[in-house]
Every structure is written in C-alpha cells, then in structure tokens.
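> This is the structure I have questions about; it appears just below.
Here it is in structure tokens:
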C-alpha cells in the first residue's frame, strides 16, 4: 500500500487563512468597542447593564455633536416614592424604567411599565434650529440636579446653551402618588428655535403581556385619549390602527390592568396616535401585545416652549383614576351610553359595598352580586316568567287550533293570538322584559373583564377571576381556532345552564310552532350555549361565573313559578270564562290589526280561487 506524505502546502495555507481571520476579527472587535453607537444598535436585544443606583458621574468633556447645546453628564438616576420607582437617564432625560412596587405579574415577576431597554420606552422632542438643523433630545446629554419642594422630590434635567439659556425637562414626584408632574420648558432660546416649524414630541412604548391570557389581555390593551372639549376615543384592536385629533388633553397607553398616561394643562395642538397589534401579527411570540406611538405637535409661546404636564404610571383602577378629577375614569372601559351608566352608578357601587366595605371574598361577592341583580330585575322579569309558564299550559289548546286550521295559516294565527290574549300570555309581553334586561347583560359583560379588583383573586379552581379558569391544557401544538389551547370549566357550566334554561322556556314551543320561512329556532337554542362555550373560554372567569349563577337562579325561579305560583286549572278556567263572556269592544289599535288580518285573509282566499 502506498504511504501518503504530509501535505505541508495545505497546512501552511490553512494556517495563513486562520491568522488573517483572527487579525480581521480583532480589528473589527476593536472598532465596535470604540464606537458606542454601533454597540448599542448591534446589541439592542441584550439586557441593559446600567447600574441600578446612580453610579456613573462621568461628564462628557467635548460638546455634543449638535453644536448648539453644551455637553451634559452620562448617568442614570433613581427617582422613587412608596408606590413606584423610576430610573431616568440623563441622555434624553428619558424614563428608562418604571417599576410598580405593589404588584406582580401572573408568574410572580415585578410589574414594569418601562424597562431599561431602548426599544421599550422612548420620548423624543424634535425641533428645528434657525440654521435649519433638526434636533432630537433623545440624542442629547442633559445635566441633572435634584432638590425638594416641600415633601415632593424634584429632578431637573437641563441642556444648556449659555448661563441663562437652556432646555429643561423637569420631574416632580409626590409621596404615595402614581402621578408625577412633568414640565418641558425653554429659556432664552427664542433666537435659537425656528418658530415657524412646530416642534414635535414623539412618545413610543411597547405593551407587555402580564397575565396568563394573551388574547384576553390584548383585547383590553389600546390607546385611549381625550380631545376637543372633553370628548374621548380609542384606537381599537386592528392590526394597525391610528387616530388623529386636535386639542388633545391626555393620551393613555392602556395595557389592560396597567396604564401610562401623558396629560397636559395646555392641550396639544394636534396628535396622531398609532397602535400596532403585535400579538395578532405574530402569534409565535408570547411577550408583547401592542406597540404604541404618539406624534404630538406642540406650539411655541413667545418663541419659547412651556408645557406643564403630568405623567401617570400605575394601575387601571377606576377609583384611583377617578380620584384625579381629570376624566381619567374613561380609561376604564365600562361601556358607552346606558351600559356605562349602569356600571358606574349601580354595578360598581354594589360590588364595592360587598368586597371593600363588607370584606366578602370576591368569588362569593360575584354570586351575591348576581342574586342582587336578579332581585332588582325581578319586577321586570316576573311578567316574562309568568308568560312563559302560561304558554306551556296553553300548548294543548294551541295544538288543537293548529290542527283545526292547518290549511288556513291566517285563521290559525288569529285564533292563536285570541287564546294567548284571553289567557294574558301574549308572546310580546313575554319578550319585552327580556329586552329590558339586555342593557344589564351587556353592562356586566364590560364590567367583569375590566374590574381591577378581580385581578389575581381566586375562587374554587379559578386562580384568577380576571383571567380564564383553566382545568386542562391541550397537548403541545394544539390550538383550536376561536377556542384556544386549554379548557375552562366555568364556561362549560354556564353553557349547560343556558341550554337547560332555553329548553325549559322555548324548547317545546320551538318544536311545535316552527313556521315556514322563519329562522330555525331549535338551531338557535343549541347555538347560544355553543357560543358561550367557545368564545368565553378565554374570557375572565368572573364573567362566566356570573352567567352560570344567573342562569341557575333563573331556572330556579321558573320552577317555583310553574309549580307554586301558577295553577293550571285556574288559567284554563280563565280561558273558558273568556270564551263564554260577551265580546268587548276592541280598541282602535286592536280593531285596525283585526281589519288588516281579515283583509289579508280575504286576499288569500281570492288568490286560491283564482288558481282553481
């Protein structure tokens, strides 16, 4: 066998290539380390290593590149009270971190409304100088100073042009308050700014998932804002939604149970608000719900900037927000019109009475609230229950009429209406109370998912009444459209209760009174529980608990009315008595309806004769 010799040329060649690569790598690494901007951009996804406390007091020795403002210092300052801790960077005078001290996420992590990452939270004031240059405060280094205003902490950041010429971002924090005063003002810069170009304030933020239900949390994450003379609006849930309004007085980045709000004493001239739905665009990620961006047009006053504002970082709690008397309660979506009024003046006070005043556990409070709502609605619902019970008693009589006039639909309808009227069981009188309770139904549909007090409150197997009550997790990779990747129990119980309720009230009626051309009511009877089962699987378990208990109470009331209140023999006797009694003169409306039906019947008979 031939012995192979060592290929020294290949070895030398590979060695030279390795030396060249190592030299290139070392030179490239040195360039990256020498350029901080490159380092920031290429490592945007790595955690911020800035110390938690103020420790970097190095002052930049050379003026920053804009050539107008003097260099400031590079440091991150902790600014806090008992409720919230901010970390504010002197570069851009930016809130880099906002930590709520009293709350945890569903998996016991701290609740941050801003994290020390450049892409998570950004505030940038953009203005144009007289020589046409566009300046960004996010790129400027400010000089910080701290002081006290009584019990309030004050943190000022100034970008200086001269001894009495500066641009200032000023923060003032009161004890035990989520609201922080925020001021942007300039002094002596009227000759520096080009006042013909309106300055623009850009505020960006990423919304994080903080509860176990991404879909449920994202459903209530949006931009809310006030404009004009106190009107309020929101951006909605589209893949990318935007709104533009004049005279905007506050902008709220609502992240379901936590919110960041920028308020101003002097309404912003104009603001464009953009919401990008990250969760709907990328269902593979499980971190972010939405991205918010506000482009705010400011105005100069006498050639200077002067805006007194406030910044709220805290819970979306109705009581806390309402206490500021700035119309911030509108950030909590209680519903519009009558639905909002019911929640504000009936449901909320009643629920607070049960939980905060009486100290009742929240799951039990929902059950008691359900009972209270049913008692309040009992006068309205009683007529409906009575009508439904009477209709079952009348069923044999109505079946006889249907058989007798099976070839004459108009006559059958007339006789059916007569029997129902004589027994006081008009279907219209039974439907009307049901319609009257619909506002309460929709009001509660809004109340439970937005009730901050339900957050992380447990009941039975539900560990969080503001989220779904998972009892079974589907296998990995299984995600049923519209249903989800888990099974919740309260929606199943509510669906079963709804099915039995509808079976009791309308099941037999649907089977016997189905008319040609009418919707398949039997299908609707099965559709309603199915709708509850599928679409409520990802909703707040407190809402499903309410509907379950509500339908149980309704079924119980109907059984009591049927077995103990309405006597079948008395209803039938009333019908027979009405048959034998002299016919009363009909009212104008009844006479007109009877005349119309008789004319329609006559036309129908003429058409039959014509066909023969």
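Residue numbers (UniProt numbering): 1 to 612. Note that the Cβ used here is the ideal one computed from N, Cα and C, for glycine as well. Computed from a predicted structure; not experimentally measured.
According to DSSP, is residue 217 part of a helix, a strand, or is it coil?
In the chain shown, residue 217 corresponds to position 217, counting from 1. Three-state DSSP puts residue 217 in a helix.
> Just how far apart, CA to CA, sit residue 83 and residue 151?
By one-based count along the chain shown, residue 83 stands at place 83. By one-based count along the chain shown, residue 151 stands at place 151. Using only the alpha carbons, I get a separation of about 15 Å.
> Is the CB-CB distance between residue 213 and residue 222 below 8 Å?
Here the question's residue 213 lines up with position 213 in the chain shown. Here the question's residue 222 lines up with position 222 in the chain shown. For residue 213 and residue 222, no; Cβs fall outside 8 Å.
> Assign residue 162 to one of three DSSP states: helix, strand, or coil.
On the chain shown, residue 162 is found 162 positions in, with the first residue counted as 1. If DSSP states are grouped into helix, strand and coil, residue 162 belongs with the strands.
> In whole angstroms, what separates the C-alpha of residue 415 from that of residue 388?
Sequence index remark: in the chain shown, residue 415 carries index 415 (1-based). Sequence index remark: in the chain shown, residue 388 carries index 388 (1-based). Rounded to the nearest angstrom, the two C-alpha atoms are 19 Å apart.
> If contacts are defined as beta-carbon pairs under 8 Å, then residue 232 and residue 344 qualify, I think. What distance do you get, rounded to the angstrom?
Here residue 232 refers to the residue found at position 232 of the chain shown. Here residue 344 refers to the residue found at position 344 of the chain shown. Actually they are not in contact, since the Cβ atoms of residue 232 and residue 344 sit about 14 Å apart, beyond 8 Å.
> Just to confirm the assignment, what range does the beta strand (DSSP E) spanning residue 314 have?
Locating residue 314 in the chain shown gives position 314, where the first residue counts as 1. From DSSP, the beta strand (DSSP E) with residue 314 extends over 306–315.
> Going by alpha carbons, who is nearest to residue 85 out of 485, 535, 420 and 112?
Walking along the chain shown from the start, residue 85 turns up at place 85. Checking every option, the nearest Cα to that of residue 85 belongs to 112.
> Apart from the five residues on each side of it in sequence, which residues of its chain come closer than 6 Å, Cβ to Cβ, to residue 545?
Locating residue 545 in the chain shown gives position 545, counting from the first residue. Excluding positions up to five away in sequence, the list reads 366 and 490.
> Determine the DSSP secondary structure at residue 501, reduced to helix, strand or coil.
Mapped onto the chain shown, residue 501 falls at position 501. The answer is helix: DSSP assigns residue 501 an H, G or I state.
> Ignore the nearest five residues each way along the sequence and tell me which others in residue 244's own chain have a CB closer than 6 Å to its CB.
Against the chain shown, residue 244 aligns to sequence position 244. 272, listed in sequence order.
> Between 261, 93 and 114, which has its C-alpha nearest residue 145's C-alpha?
Translated into positions along the chain shown, residue 145 becomes position 145. Of the candidates 261, 93 and 114, the one whose C-alpha sits nearest the C-alpha of residue 145 is 93.
> In the DSSP assignment, what residue or residues form a beta bridge with residue 110?
Along the chain shown, one-based indexing puts residue 110 at 110. The partner list for residue 110 (beta bridge, DSSP) reads 104.
> When the Cα of residue 97 is compared with those of 114, 483 and 105, which residue comes out closest?
What you label residue 97 is simply residue 97 of the chain shown in a count that begins at 1. Ranking the options by Cα distance to residue 97, first place goes to 114.
> Tell me the residue span of the beta strand (DSSP E) that contains residue 354.
The count along the chain shown starts at 1 and reaches residue 354 at position 354. Taken as a continuous stretch (DSSP letters only), residue 354 belongs to no beta strand (DSSP E), as it is neither H nor E.
> Can you tell me whether DSSP reads residue 252 as helix, strand or coil?
Sequence index remark: in the chain shown, residue 252 carries index 252 (1-based). Strand, per DSSP.
> Measure the alpha-carbon distance for residue 196 versus residue 129 and round it to whole angstroms.
Taking the chain shown and counting its residues from 1, the one referred to as residue 196 is at position 196. Taking the chain shown and counting its residues from 1, the one referred to as residue 129 is at position 129. Those two C-alpha atoms are separated by around 10 Å.
> Which two residues bound the contiguous beta strand (DSSP E) that contains residue 267?
Residue mapping note: residue 267 aligns to position 267 of the chain shown, counting from 1. Element bounds for residue 267: 258–277.
> Rounded to whole angstroms, what is the Cα-Cα separation between residue 558 and residue 476?
As a working note, residue 558 is residue 558 in the chain shown. As a working note, residue 476 is residue 476 in the chain shown. Taking the straight line joining both Cα atoms gives about 44 Å.
> Where does residue 335 sit, in a helix, a strand or coil, going by DSSP?
One-based indexing of the chain shown puts residue 335 at position 335. When secondary structure is reduced to three states using DSSP, residue 335 falls in the coil class, being assigned neither helix nor strand.
> Taking DSSP as the reference, what is the three-state secondary structure of residue 455?
For the purposes of this step, residue 455 is taken as residue 455 along the chain shown, with counting starting at 1. In the structure shown, residue 455 sits in coil (DSSP, three-state: anything other than H, G, I, E or B).
> Pick from 229, 148 and 372: whose alpha carbon is nearest that of residue 267?
Indexing the chain shown from 1 puts residue 267 at position 267. The shortest Cα separation from residue 267 among 229, 148 and 372 belongs to 229.
> Within 10 angstroms of the Cβ of residue 210, are there 16 or more other Cβ atoms? Answer buried if so, exposed if not.
Within the chain shown, the letter at position 210 stands for residue 210. Answer is buried; the Cβ neighbour count reaches 16.
> DSSP three-state label for residue 563, please.
The residue given as residue 563 occupies position 563 in the chain shown. Helix.
> Using beta-carbon positions only, say whether residue 274 and residue 289 come within less than 8 Å of one another.
Taking the first residue of the chain shown as 1, we reach residue 274 at position 274. Taking the first residue of the chain shown as 1, we reach residue 289 at position 289. No, the Cβ-Cβ distance between residue 274 and residue 289 is not below 8 Å.
> Using the beta-carbon count (16 or more within 10 Å), is residue 287 buried or exposed?
Within the chain shown, residue 287 is the residue found at index 287, counting from 1. The C-beta of residue 287 has fewer than 16 other C-beta atoms within 10 Å across all chains shown, which makes the residue exposed.
> I'd like the span of the alpha helix (DSSP H) that includes residue 144, first residue to last.
Residue mapping note: residue 144 aligns to position 144 of the chain shown, counting from 1. Looking at the DSSP string, residue 144 is not in any alpha helix (DSSP H); the run it does join, the beta strand (DSSP E), is 143–149.
> If contacts are defined as beta-carbon pairs under 8 Å, then residue 257 and residue 316 qualify, I think. What distance do you get, rounded to the angstrom?
Locating residue 257 in the chain shown gives position 257, counting from the first residue. Locating residue 316 in the chain shown gives position 316, counting from the first residue. Yes, residue 257 and residue 316 are in contact; Cβ-Cβ is about 5 Å, under 8 Å.
> Using 10 angstroms around the beta-carbon of residue 123, count the other beta-carbons present and answer buried if the total reaches 16, otherwise exposed.
Start at 1 with the first residue of the chain shown, and residue 123 comes out as number 123. With 16 or more Cβ atoms within 10 Å of its Cβ, residue 123 is classed as buried.
> From residue 555 to residue 503, what does the alpha carbon distance come to, in whole angstroms?
Position 555 of the chain shown holds residue 555. Position 503 of the chain shown holds residue 503. Rounded to whole angstroms, residue 555 to residue 503 spans 10 Å at the Cα level.
> Would residue 314 and residue 259 qualify as a contact pair, given that the criterion is a beta-carbon distance under 8 Å?
In the chain shown, counting from the first residue as 1, residue 314 sits at position 314. In the chain shown, counting from the first residue as 1, residue 259 sits at position 259. Going by C-beta atoms, residue 314 is nearer than 8 Å to residue 259.
> Can you name the start and end residues of the beta strand (DSSP E) that residue 441 belongs to?
One-based indexing of the chain shown puts residue 441 at position 441. Premise fails: residue 441 lies in the alpha helix (DSSP H), 438–450, not in any beta strand (DSSP E).
> Going by Cα to Cα distance, which pick from 501, 91 and 528 is closest to residue 649?
As displayed, the chain neither begins before 1 nor continues past 612, which places residue 649 out of reach and without an answer.
> Using beta-carbon positions only, say whether residue 615 and residue 453 come within less than 8 Å of one another.
No answer is possible for residue 615: the residues shown for the chain start at 1 and end at 612.
> So the candidates are 401, 204, 467 and 372; which of them puts its Cα closest to the Cα of residue 418?
The residue you call residue 418 lines up with position 418 of the chain shown. Comparing Cα-Cα distances from residue 418 to each of 401, 204, 467 and 372, the minimum goes to 401.
> Look at the Cβ atom of residue 322, then the Cβ atom of residue 446, and state whether they are nearer than 8 Å.
What you label residue 322 is simply residue 322 of the chain shown in a count that begins at 1. What you label residue 446 is simply residue 446 of the chain shown in a count that begins at 1. Result no, Cβ atoms of residue 322 and residue 446 do not sit closer than 8 Å.
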